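Structure record follows, encoded as structure tokens.
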Amino acid sequence: MMKRGRRRISFILTFLMIASLFCFNELPVKAATNYYVSTSGNDSNNGTSTSTAFKTITKAITKASAGTNIYVLNGTYKYSSTIKLSASGKSGSPIRILNYNGSKPVIDFSGQAENSSNRGFQISGSYWTISGLTIQNAGDNGIFISGNNNNVSYCTITKCHDTGLQMSNGAAYNTITSVTSTYNYDSATNGENADGFAAKLNIGAGNVFKNCIATSNSDDGYDCYRAGNAVKFYNCQANYNGLYDGNGQGFKVGGDYTADNHYLEGCTATGNKSRGFDQNNNTGAITLVKCTGIKNNVNFYFPTAPKSGKHSFTGCISTSGKSKDKIVGATTSGCSFNQ
Ligand SMILES: [Ca+2]
Ligand SMILES: [Ca+2]
Ligand SMILES: [Ca+2]
């Protein structure tokens, strides 16, 4: 009996092993699906080639899942409704909205009235990539992110009626690379609110800006008002921000006395109306490495020591500021300030 029982168990185990092998082999390997969007397309097409492209990005989004690439062909696409990205890709398998083959498609939201609910793209989902698009004339932010692990790269965001790209409401681990944000202007408040970029009002951890450019926005270049978590900036520029009633700080790295240990490296602020680099009541310790202020009203303004630790400035250079720099509660090394 014992022997037969063991044999039966061994038979069952072998059967299960072979069956499981078959099962794994039978699993379809799901290739990334590509969809195409063209101004001459049609949403009743299948969308899977340039000659059978969809007409709208929104149609392609309804078909998208992790690993999908949505290629946008050249042309100007007009939308008056917010494009909502609420689904999610996966780690290593994002959903991507991309310019097709080096083209420069323009997503134009000029049909939107200036109103805080009229954003261009709204990313509440995670693992999205938006790359190679020009996004313009949104009634509020060009892109608003509250989700996690999203990437925006090689885009131009311009002439929106609030901050070009904003993260808020818990947005975490988002990376913004080589995005230019320019000529954003909120007319209702004569320019008080429209920054180039903002990571403000309760963000999560791990947000990064690399090689971004904020030029000629009505309010600030970059705004971290009440961020609630540290942001990292690498090789970013803020130029000539502050028009009309805007504050005009290049990098506003604080606000409302939250303690956020922001990190900036290789960043340059030029010709901003007020301060190039502005503490703005941040009670955290801020680190600046090889940052340069040129021809701002004040290049570096850090008038208050952090609640714990010290600010850290390494290799920072202040050139041709109209008024003197203010640096308090900091360790400095290899810097040239105008104090
Ligand atoms: Ca607004
Ligand atoms: Ca302002
Ligand atoms: Ca601002």
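For the sequence shown, the residue numbers in mature numbering (1 follows the signal peptide of the UniProt record, and there is no 0) are -31 to -1, 1 to 308. Glycine included, each C-beta is placed from N, C-alpha and C at the ideal position. Please read all numbers here as calculations on a predicted model, not as lab measurements.
Burial state of residue i (16 or more Cβ within 10 Å)
i: V121; result: buried
i: V297; result: exposed
i: N265; result: buried
i: E(-6); result: Below a pLDDT of 50, predicted positions are generally treated as unreliable, and E(-6), at 47, falls in that range; the measurement from the model is reported next regardless. That one is exposed.
i: P272; result: exposed
i: S150; result: buried
i: N84; result: exposed
i: Q248; result: buried
i: N87; result: buried
i: Y191; result: buried
i: Q81; result: buried
i: K221; result: buried
i: G303; result: exposed
i: G224; result: buried
i: S277; result: exposed
Own chain partners of residue i with C-beta closer than 7 Å, once the 5 adjacent residues on each side are dropped
i: A168; result: M136, N176, C193, A196, V200
i: G160; result: Y154, S187, D188, L212, Y213, D214, G215
i: A226; result: Reading the sequence as shown, one finds Tyr at residue 226 and not Ala. Same-chain partners within the cutoff: N250, T252.
Whole-angstrom distance between residue j and residue i, CA atom to CA atom
i: L134; j: A183; result: 10 Å
i: I52; j: A274; result: 43 Å
i: S55; j: Y96; result: 10 Å
i: Q105; j: G44; result: 13 Å
i: G139; j: N118; result: 12 Å
i: G101; j: T252; result: 37 Å
i: G61; j: T144; result: 14 Å
i: G219; j: Q91; result: 25 Å
i: F(-8); j: S57; result: Reliability fails at F(-8), whose pLDDT of 48 lies under 50, so the model's placement of it is uncertain and no value is given.
i: S287; j: I26; result: 45 Å
i: A157; j: G165; result: 17 Å
i: T2; j: S13; result: 17 Å
i: T37; j: S93; result: 18 Å
i: Y270; j: I172; result: 24 Å
i: T283; j: T19; result: 51 Å
Neighbourhood of residue i by C-beta, 6 Å cutoff - its chain only, sequence neighbours within 5 removed
i: V267; result: R244, G290, S292
i: G217; result: N210, G211, N241, K242, S243
i: S281; result: T256, T300
i: residue 310; result: Any answer about residue 310 is impossible in this case: the structure gives the chain only from -31 up to 308.
i: T261; result: T237, I286
i: K179; result: T146, Y203
i: C129; result: A107, G111, N153
i: L170; result: S137, R195
i: M(-31); result: In this prediction, M(-31) has a pLDDT of 45, which is less than 50 and means its spatial position is unreliable; what the coordinates show is noted afterwards. Here the set comprises nothing.
Same chain only: Cβ atoms within 8 Å of residue i, ignoring 5 sequence neighbours per side
i: residue 343; result: This structure leaves residue 343 out entirely; the chain is present only between -31 and 308.
i: A174; result: A141, Y142, N198, A199
i: S79; result: K47, Q105, N106
Beta carbon proximity, residue i to chain C, threshold 8 Å
i: F220; result: Annotation note: the requested chain C is absent from the structure, which comprises a single protein chain.
Residue i: CB within 7 Å of a non-hydrogen atom of ligand 5
i: D77; result: This structure does not include ligand 5; its bound ligands are ligand 1, ligand 2 and ligand 3.
Chain-ordered list of residues that sit, by beta carbon, closer than 7 Å to a heavy atom of ligand 2: E161, N162, D188, D189, G215, N216
Quiz: which residues have CB nearer than 5 Å to ligand 1 non-hydrogen atoms: S85, D109, D131
Beta strand (DSSP E) runs wholly inside the segment 152 to 212, at least 3 long, in chain order: 166 to 168, 176 to 179, 182 to 184, 200 to 203, 206 to 208
Complete alpha helix (DSSP H) runs within the segment 216 to 274 (minimum length 4 residues, chain order): none
Alpha helix (DSSP H) segments (min. 4 residues) lying fully within the segment 106 to 153: none
Length at least 3, wholly inside the segment 276 to 303: the beta strand (DSSP E) runs in chain order: 280 to 283, 286 to 288, 299 to 302
Whole runs of the alpha helix (DSSP H) within the segment 26 to 97, excluding any shorter than 4 residues: 26 to 32
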